[in-house]
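Peer 1: Have a look at this one before I ask anything.
In the numbering used here, the protein residues as written are 50 to 263.
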């Protein structure tokens, strides 16, 4: 199941973290908490498309679905870093967790913030690599795996452009002519592509749909 795959990812990370200090273990625990929340509609969309095209290997599809959830987790964690947020969905996020750890060590305000930001960047990186590995090792044939990785690559590139555009739009002194079109385009790139387009395409590709379909 999706949860089994996510639990396996976190458990593997925790096992590799042993011997690298309590902070790194806590980073994986915080990442595990980050993967445990959310609506998970991206995996649901992918599975719906997979079944719509008569996909029947739910175990393999579950690995790809988990990868898409890890991609979302990575983007959420990095978005919190960019925005300087310490809370997500009403709970302390990865950055907030490590800012608090630094406070408990009597670190100054700037060092607490830096520790939190560093943890957020690293946790997001780990989730992003986990998403890539999850697709690469999902068990599909080489051609299908390559198509899935190409879709992932495109989505990451477009989402990164959208995130940067989001920050650029918030800059003071920006030219706000045509701002509505810019905002719509930014949201399409930042959120819609990886949240809707990628899951639907990935489900169809994994099920063996014709290339013209995707």
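Every residue gets a Cβ at the ideal spot worked out from N, C-alpha and C, and that includes glycine.
Model, not experiment: these values are computed from the prediction.
Check whether the Cβ of residue 106 lies closer than 7 Å to any heavy atom of the ligand ADP, and answer yes or no.
Peer 2: The ligand ADP is not part of the structure shown, which contains no ligands of any sort.
Peer 1: Which value, in whole angstroms, describes the spacing of the CA atoms of residue 122 and residue 56?
Peer 2: Roughly 14 Å separates the two Cα atoms.
Peer 1: For residue 140, which three-state DSSP category applies?
Peer 2: It is a strand residue.
Peer 1: Would you mind reading off the limits of the alpha helix (DSSP H) that contains residue 82?
Peer 2: Looking at the DSSP string, the run of the alpha helix (DSSP H) that includes residue 82 is 71–84.
Peer 1: Which ranges does the alpha helix (DSSP H) cover as unbroken runs of at least 4 residues, wholly within the stretch 209–260, from first to last along the chain?
Peer 2: Here the runs fully enclosed are 228–236, 247–255.
Peer 1: Using a threshold of 8 Å, state whether the C-beta atoms of residue 187 and residue 113 are closer than that.
Peer 2: Yes, these two residues count as a Cβ contact at 8 Å.
Peer 1: Select from 198, 63, 120, 108 the residue whose C-alpha is nearest the C-alpha of residue 90.
Peer 2: Out of 198, 63, 120, 108, 120 has the C-alpha closest to the C-alpha of residue 90.
Peer 1: Under the rule that 16 or more other beta-carbon atoms within 10 Å means buried, what is residue 126, buried or exposed?
Peer 2: Classification for residue 126: buried.
Peer 1: Just confirm the distance between the C-beta atoms of residue 147 and residue 165, as a whole number of angstroms; I'd bet it's less than 8 Å.
Peer 2: With 8 Å as the limit, residue 147 and residue 165 qualify as a contact, their Cβ atoms being about 5 Å apart.
Peer 1: Alpha carbons only, please: which of 237, 109, 263, 196 is nearest the one belonging to residue 249?
Peer 2: Looking at the Cα atoms, 263 is the closest of the given residues.
Peer 1: Quick one: give me the first and last residue of the alpha helix (DSSP H) that residue 161 is part of.
Peer 2: Residue 161 -> alpha helix (DSSP H) spans 158–185.
Peer 1: Taking 8 Å as the limit between beta carbons, can you name the residues of its chain near residue 84, skipping five residues before and five after?
Peer 2: Here the set comprises 55, 58, 59, 118, 119, 122, 176.
Peer 1: Are the stretch 227–241 and the stretch 202–219 in contact at 8 Å, needing three or more beta carbon pairs?
Peer 2: Taking 8 Å as the limit for Cβ pairs, the verdict is that the stretch 202–219 does touch the stretch 227–241.
Peer 1: Answer yes or no: do residue 184 and residue 194 have a C-beta to C-beta separation smaller than 8 Å?
Peer 2: It is a contact, given that the beta carbons lie within the stated cut-off.
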